[in-house]
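What follows is one structure encoded as structure tokens, with my remarks underneath.
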Amino acid sequence: MTHRLVARDGPLKGSVYALDDSEFSVGRNPSNRLSVSDPSISRQHCVIVSQAGQYQIRDLESRNGTFVNGVPVRERALADGDEIQIGNSLLLFLAEEQPAGPNSTTPLRLDERSVLTGATVVLRSEDSRYLQPEKVATAPLPALRVARDLKALLKISTAINSVRKLDVLARQLMECVFEVVPAAHGAILLTGENQEDFTSAFSWDRNQGLVAPFPVSATLVRKVLKEKVGVLSTDVLQDPTLGPSTSLTLSGTRSLLAVPLKVFDRVLGLIYLDTGDPSAKLDKDHLELMTAIAAISAVALENAKEVERLEDENQRLKAEINIEHNMVGESAPMRTVYRFVSRVAPTEATVLITGESGTGKELVARAIHRNSSRAEKPFVAINCAALTETLLESELFGHEKGAFTGAVVQKKGKLEVADGGTLFLDEIGELAPALQAKLLRVLQEREFERVGGTRPIKIDVRILAATNRDLADSVKVGSFRQDLYYRLNVVSIEMPSLRERREDIALLATYFAARAGEKSKRHVRGVSPEARVCLINYDWPGNVRELENAIERAVVLGSSEFVLPEDLPEAVLETERPAGASIARYHETIAEAKKQVILRAVDQAGGNYTEAAKLLGVHPNYLHRLIRNMNLKSVLKSVG
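Just so you know, this note's numbering puts 489 at position 372 of the sequence shown, and the rest follows in order with no gaps.
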């Protein structure tokens, strides 16, 4: 297995770096394995290490963060095709078998012994008689053989232009070749950017069909690729350098040939044939024919290879599109959430997601849907608190024409739209009692009736629900049906608040800053260390949603390449910071002045917060928030 980093964009574009078992460090400092002259990259930015055959990338507390597939990470296992964003550089992590051919089980083997002797024939592509129509008629060959060869060329050119899959195309090509060439073995070898590396190796045996790669002559392969010529060795045994222990001799190879696959002046790879049958040697006429076959099939092979690359790229882009719905975080509480999603997604269980507002309950629902067998079907979300009871009933169940004033046409509800997929009911605790009864029937019978309808409609839908209420308490006070609660609460998870996973705040802030920068067409390199201190120490009552809004505001209003403390909301700056935390002197002075003003006002009001608020000209609730955020309660108690 060969692991590589390929630079796709940025100052390193086009470079390829091989990874081994030693530590691969990246940063601005020249001592790094990969040193990048980029001011947006830290001196010691990140490191890639191999652990039991698995490569891990670890951010080294870099200033602007390390991104994998658009998501900032501290440490993460790398998978083939992952995109790593470091500063202005975009690197692609590749883990490839060398070569990784269609259906191959063992790597291609190159026999390093020379087989080029006096029995060798070299042919340039343009000299093949089959690529020069005027020479075909005068060829010193039996008419029957010429007709057979031309028929093979026509068959190949017709077949290959109707095939898009690389492995299917290679198979058809080999089958056609073996009809006219007496080879025992054949292979189509395709190279990558480096001609020393084969990205595809399709091997064929006359009797067995598709087989694992077999030994081929390295000397022959290199000559064909380097000189762009077809080469034929009519008698391998004539080479005095080939001893009885070589793999080619042991395999019984007597004659072999190889022809380049060229598109314009670029070599994509080659077609290789050999045989051990002394009565069916490969000759110069076979070399001429194979040169022509390679010439007409090279473009088709390149197109098929490009189609596969585009399909892989399409899958990667689809994954990127979903990034905005992905959860960001590597804390222990979030790892618990990820494990939960992986366990429940493949099932059909109804899931209840609880937690404070802004914690990402809908993101969990979307993740469950995307990882389920219903992923290709609709995901439909509806907020039960956003509509009146009448409108919600119509939205959820649909209505018949004439069911009520304004119902001029029949309308399908969200349940019907989600048929075969997933229905997400947000704020389920706000559902009216009448609708609770209807929803219970859906969960029990998997059927419902439209508003104004009389015909039951069967559906196949998975229900996911979310609430920021304690439904158990709602059941106790009678505002939520107990039987519906038990139906919804088959499997449940509580989303952690942001203050319970403070270690994720920096990652989230970096992610939101990058996304807000793209939306507002501003180049934002990250969050300053001083601003991070403020963000991490704030309690975030609005959770991730509040953090996202705060960062977006900071990016829009800020003028620096970094999010600075002065760009953040005032509530964030008012928070008491831990001892030793560094922050700009200006903000520290402002915070200290606020403290003294509040203490003085409370003292003048004799400890009465309401009177103190009047003296300050602020609302009492705002004063209470200031006292709580600045941790002044203990100070006021000691003064009192």
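Ideal Cβ placement from N, Cα and C applies to all residues, glycine included. All values reported here derive from a predicted model rather than from experimental measurement.
1) For the beta strand (DSSP E) that contains Y655, what are its first and last residues?
2) Return the first residue and the last residue of the beta strand (DSSP E) that S142 is part of.
3) Consult DSSP for Q202 and reduce its assignment to one of helix, strand or coil.
4) Are there three or more Cβ pairs, one per stretch, closer than 8 Å when the region 399 to 412 is compared with the region 368 to 383?
5) So, do the region 522 to 538 and the region 567 to 579 have three or more beta carbon pairs nearer to each other than 8 Å?
6) Taking contact to mean at least 3 C-beta pairs separated by less than 8 Å, is the region 443 to 451 in contact with the region 558 to 565?
7) For C163, list the residues DSSP reports as bridge partners.
8) Leaving out the 5 sequence neighbours to the left and right, which residues in its chain are closer than 8 Å to V680 when beta-carbon positions are compared?
9) Just list the beta strand (DSSP E) runs in the region 537 to 599, keeping only unbroken ones of 3 residues or longer that don't cross its boundaries, in chain order.
10) Going by the CB atoms, is the gap between G472 and E620 shorter than 8 Å?
11) Using only CA atoms, which one of V568, T370 and S490 lies nearest to G519?
12) Return the residue from the list G198, L749 and F210 that minimises the CA-CA distance to I165.
13) Count the other CB atoms, across all protein chains shown, that sit within 10 Å of the CB of A449; report buried if there are 16 or more and exposed otherwise.
14) Pull up the distance between the alpha-carbon of L685 and that of S142, whole angstroms please.
15) Using 8 Å for Cβ pairs, my map puts K529 next to G515. What's the rounded Cβ distance?
16) Pick helix, strand or coil for I744, following the three-state DSSP scheme.
17) Can you check whether the CB of V592 is closer than 8 Å to the CB of Q599?
18) Tell me the residue span of the beta strand (DSSP E) that contains T183.
19) What are the boundary residues of the alpha helix (DSSP H) that I485 is part of?
20) Could you tell me whether the Cβ atoms of A466 and S489 are closer together than 8 Å?
21) Which residue or residues does DSSP assign as beta-bridge partners of S609?
22) Quick check: the Cα distance between P658 and R745, rounded to an integer number of angstroms?
23) With DSSP run on the structure shown, which of helix, strand or coil describes T60?
24) Classify S334 as helix, strand or coil using the three-state DSSP reduction.
25) Select from A169, E200 and P156 the residue whose C-alpha is nearest the C-alpha of S179.
26) If you draw a straight line from the alpha carbon of S664 to that of V481, how long is it in whole angstroms?
27) Here's the rule: buried if 16 or more other CB atoms are within 10 angstroms of the residue's CB, otherwise exposed. What is F184?
28) Can you tell me whether DSSP reads N278 as helix, strand or coil?
29) Cα-Cα, which of E419, R193 and N278 is closest to R452?
30) Just the Cα atoms here: how many angstroms apart are A421 and V285?
31) Look at the Cβ atom of G309, then the Cβ atom of T316, and state whether they are nearer than 8 Å.
32) Name the DSSP beta bridge partners of S758, please?
33) Would you check if the distance between the CB atom of R371 and the CB atom of G386 is smaller than 8 Å?
34) Which residue wins for smallest C-alpha separation from V380, given the options I485, A502 and L307?
35) Any idea if T358 is buried or exposed, counting beta-carbon neighbours within 10 angstroms, 16 or more meaning buried?
On the basis of the data shown:
1) Indexing the sequence shown from 1 puts residue 655 at position 538. Annotation for Y655: no beta strand (DSSP E) segment contains it, and DSSP assigns it neither H nor E.
2) As a first step, residue 142 must be located in the sequence shown, where it is residue number 25. Run containing S142: F141 to G144, per the beta strand (DSSP E) assignment.
3) Numbered from its first residue, the sequence shown carries residue 202 at position 85. DSSP places Q202 in strand when its eight states are reduced to three.
4) Three or more beta-carbon pairs drawn from the region 399 to 412 and the region 368 to 383 are found closer than 8 Å, and the two stretches are therefore classed as touching.
5) yes
6) Remark: fewer than three beta-carbon pairs, one from each stretch, lie closer than 8 Å, so the region 443 to 451 and the region 558 to 565 are not flagged as touching.
7) If you number the sequence shown from 1, residue 163 lands on position 46. V143 and D176.
8) In the sequence shown, the residue the question calls residue 680 occupies position 563. Around V680: A626, A630, V641, G643, V644, S645, A648, I668, A671 and V672.
9) 539 to 543 and 579 to 584
10) Within the sequence shown, the letter at position 503 stands for residue 620. Within the sequence shown, the letter at position 355 stands for residue 472. The answer is no: Cβ separation not under 8 Å.
11) Here residue 519 refers to the residue found at position 402 when the sequence shown is read from its first residue. For G519, the closest of V568, T370 and S490 by C-alpha to C-alpha distance is V568.
12) Position 48 of the sequence shown holds residue 165. Of G198, L749 and F210, the residue nearest in Cα terms is F210.
13) By 1-based counting over the sequence shown, the position of residue 449 is 332. Exposed, by the Cβ-count rule.
14) Here the question's residue 685 lines up with position 568 in the sequence shown. Here the question's residue 142 lines up with position 25 in the sequence shown. One C-alpha to the other measures close to 34 Å.
15) In the sequence shown, the residue the question calls residue 529 occupies position 412. In the sequence shown, the residue the question calls residue 515 occupies position 398. About 5 Å separates the two Cβ atoms, so the contact holds.
16) Walking along the sequence shown from the start, residue 744 turns up at place 627. Helix at I744.
17) Position 482 of the sequence shown holds residue 599. Position 475 of the sequence shown holds residue 592. Yes, these two residues count as a Cβ contact at 8 Å.
18) On the sequence shown, position 66 is the one that residue 183 refers to. Unbroken beta strand (DSSP E) run through T183: T183 to V185.
19) For the purposes of this step, residue 485 is taken as the residue at position 368 of the sequence shown. Residues K478 to R487.
20) Here residue 466 refers to the residue found at position 349 when the sequence shown is read from its first residue. Here residue 489 refers to the residue found at position 372 when the sequence shown is read from its first residue. Going by C-beta atoms, A466 is not nearer than 8 Å to S489.
21) Taking the first residue of the sequence shown as position 1, residue 609 is located at position 492. S609 is bridged to L469.
22) In the sequence shown, counting from the first residue as 1, residue 658 sits at position 541. In the sequence shown, counting from the first residue as 1, residue 745 sits at position 628. Computed Cα separation, rounded: 13 Å.
23) Outside the displayed range of the chain (118 to 757) lies residue 60, so it cannot be described from this structure.
24) Against the sequence shown, residue 334 aligns to sequence position 217. Looking at S334 - three-state DSSP - the assignment turns out to be strand.
25) Looking up residue 179 in the sequence shown gives position 62. Taking only the C-alpha atoms, the option nearest S179 is P156.
26) Working through the sequence shown from its first residue, we reach residue 664 at position 547. Working through the sequence shown from its first residue, we reach residue 481 at position 364. Before going further, note that residue 664 is Leu rather than Ser in the sequence given. When rounded, the distance between both Cα atoms is 18 Å.
27) In the sequence shown, residue 184 corresponds to position 67, counting from 1. Counting the other Cβ atoms within 10 Å of the Cβ of F184 gives 16 or more, which makes it buried.
28) To locate residue 278, count along the sequence shown from 1; it is residue 161. Annotated three-state conformation of N278 is coil, per DSSP.
29) On the sequence shown, position 335 is the one that residue 452 refers to. R452 has its Cα closest to that of R193, out of E419, R193 and N278.
30) Indexing the sequence shown from 1 puts residue 421 at position 304. Indexing the sequence shown from 1 puts residue 285 at position 168. Approximately 10 Å, taken between the alpha carbons.
31) Taking the sequence shown and counting its residues from 1, one reaches residue 309 at position 192. Taking the sequence shown and counting its residues from 1, one reaches residue 316 at position 199. Yes, these two residues count as a Cβ contact at 8 Å.
32) Residue 758 cannot be examined here, being either before or after the span of the chain that is shown, 118 to 757.
33) If you number the sequence shown from 1, residue 371 lands on position 254. If you number the sequence shown from 1, residue 386 lands on position 269. Their beta carbons are not under 8 Å apart, which means R371 does not touch G386 by this criterion.
34) Position 263 of the sequence shown, counted from the start, is the residue given in the question as residue 380. Here the closest residue by C-alpha is L307.
35) Counted from its first residue, the sequence shown places residue 358 at position 241. Reliability fails at T358, whose pLDDT of 40 lies under 50, so the model's placement of it is uncertain and no value is given.
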